[in-house]
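Have a look at the structure below, then the notes.
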Amino acid sequence: MSNTIFTGCATAIATPMNPDGSINYEEFGRLIDWQIENKIDGLVICGTTGESATMTDEEHVEVIRYGIKRVAGRVPVIAGAGSNDTAYAVELSKEAERLGADALLHVTPYYNKASQRGLVRHFTAVADAVNIPVMLYNVPSRTGCGIAVDTYKELAKHPNIRAVKEASGNMSTVMGIAADTDLDIYSGNDDEALCCLALGGKGLISVTSNVAPLMKHNEISLYLEGKKQEALEIAKKLYALDKAMFMDVNPIPVKEALNLAGFKAGECRLPLCSMSDEMKAKLKAVMEADGLLNIV
């Protein structure tokens, strides 16, 4: 494949669960097919939205394996393989490559964190171990560890580090990446997607597209085609939904949204729990306004 992993909108896909908390592979496959039928440009499996943090090692590998097999080459699959343990991240990355992932998503180490020097060594160890593109994931609000522009510049020298999912909310950082590196930039925040595209971004990794894949695909593709006003109109229409997806901790709202859309997404695994009735009512109202209730 080319150095660019995908162009457009990829879904950070949720992982449906059965009532007993086990993974509902049948519904996961149904959701994957529906995403692709609605023109999504890529899928991120076992990311934050996929609840990788509460999966066993065996589940993590099996969800990646199942997802890649179900996708069957129809769109690129980016496998979440990040960890705060570099040795484990390396092994999981090698396994995801063996299973056929098109690229890897690597979040900054969480809890133990790392210095900028440590980040260079961590991500370099991963990139040295594989032969597929690595996408760095900068989301300091969740990890407590952010990537500085100078660190991006150093990491961009590695031939396997080709992209970044930027969810820092800092457009100055995005501008620095665009100005000082050749990394492909993807927005990690739905409501900042057009801002990132304006700075040269290649696309969006979306949470909202779990329930609105076609609209999110159209928002990004129209902008990239130069139809910026049309793209902006879709972004404005979806703004309330973008915000509702984060009224509680991700992926609590998106799993509720999938249930309201007609999927059997189930609930999140503890320590994440269902939203309040007040939040559920607000989410339902936003989805009703966008015509997204019971659509499957």
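Every number in this note's numbering is 453 more than the matching position in the sequence shown, counting from 1. Beta carbons are placed, not taken as given, at the ideal position from N, Cα and C, and that holds for glycine.
Which same chain residues end up closer than 8 Å to residue i when comparing Cβ atoms and leaving out the 5 residues on each side of it in sequence?
{"i": "Val617", "result": "Met588, Leu589, Tyr590, Asn591, Ile600, Tyr605, Ile630, Leu636, Asp637, Ile638, Tyr639"}
{"i": "Ile485", "result": "Ile466, Leu496, Gly520, Arg523, Val524"}
{"i": "His670", "result": "Gly461, Cys462, Asn491, Lys492, Ile493, Asp494, Ser662"}
{"i": "Ser536", "result": "Ala542, Leu545, Pro562"}
{"i": "Asn584", "result": "Glu550, Asn613"}
Leaving out the 5 sequence neighbours to the left and right, which residues in its chain are closer than 6 Å to residue i when beta-carbon positions are compared?
{"i": "Leu667", "result": "Asn491, Lys492"}
{"i": "Leu652", "result": "Val627, Met628, Ala631"}
{"i": "Ala646", "result": "Ser640, Leu657"}
{"i": "Glu607", "result": "Val573"}
{"i": "Ala684", "result": "Glu672, Leu675, Tyr676"}
{"i": "Asp644", "result": "Asp695"}
{"i": "Thr634", "result": "Tyr605, Lys606, Ala609"}
{"i": "Ser727", "result": "Glu720"}
Assuming residue i and residue j form a contact by the criterion Cβ under 8 Å, report the distance between their Cβ atoms to the nearest whole angstrom.
{"i": "Asn663", "j": "Val707", "result": "5 Å"}
{"i": "Ala710", "j": "Leu736", "result": "6 Å"}
{"i": "Asp743", "j": "Leu694", "result": "6 Å"}
{"i": "Lys566", "j": "Cys598", "result": "4 Å"}
{"i": "Thr468", "j": "Glu511", "result": "Actually they do not touch by this definition, with Cβ atoms about 14 Å apart."}
Going by DSSP, name the residue or residues bridged to residue i.
{"i": "Glu619", "result": "Asn591, Ser640"}
{"i": "Gly656", "result": "Gly461, Tyr639"}
{"i": "Ile476", "result": "Met470"}
{"i": "Ile614", "result": "Val587"}
Once you ignore the five residues that flank residue i on each side, which residues in its own chain have a CB closer than 7 Å to its CB?
{"i": "Ala549", "result": "Ile517, Ala532, Ala534, Leu557"}
{"i": "Met454", "result": "Since pLDDT at Met454 reaches only 36, below the 50 mark, its modelled position is unreliable, and the value read off the structure follows with that caveat. So the qualifying residues of the chain are Asp555."}
{"i": "Lys655", "result": "Thr457, Thr460, Asp637, Ile638, Tyr639"}
{"i": "Asn712", "result": "Ala718"}
### Task
With a floor of 3 residues, list each beta strand (DSSP E) that falls wholly inside the stretch 533-575, ordered by position along the chain.
556-560
#### Entry: Meets three-Cβ-pair contact criterion under 8 Å: the stretch 605-615 and the stretch 572-581
yes
### Message
With three or more C-beta pairs closer than 8 Å as the rule, is the stretch 468-480 touching the stretch 679-697?
### Response
no
### Task
Taking 8 Å as the threshold, find out whether the stretch 496-508 comes into contact with the stretch 524-538 through three or more Cβ pairs.
yes
### Message
Below 8 Å, how does it come out for the stretch 694-711 and the stretch 719-733: are there three or more Cβ pairs, yes or no?
### Response
yes
#### Entry: Every unbroken beta strand (DSSP E) within the stretch 679-745, with a cutoff of 3 residues, ordered by chain
none
### Task
Report the residue ranges of all alpha helix (DSSP H) runs contained in full by the stretch 479-538; include only those spanning at least 4 residues, in chain order.
510-524
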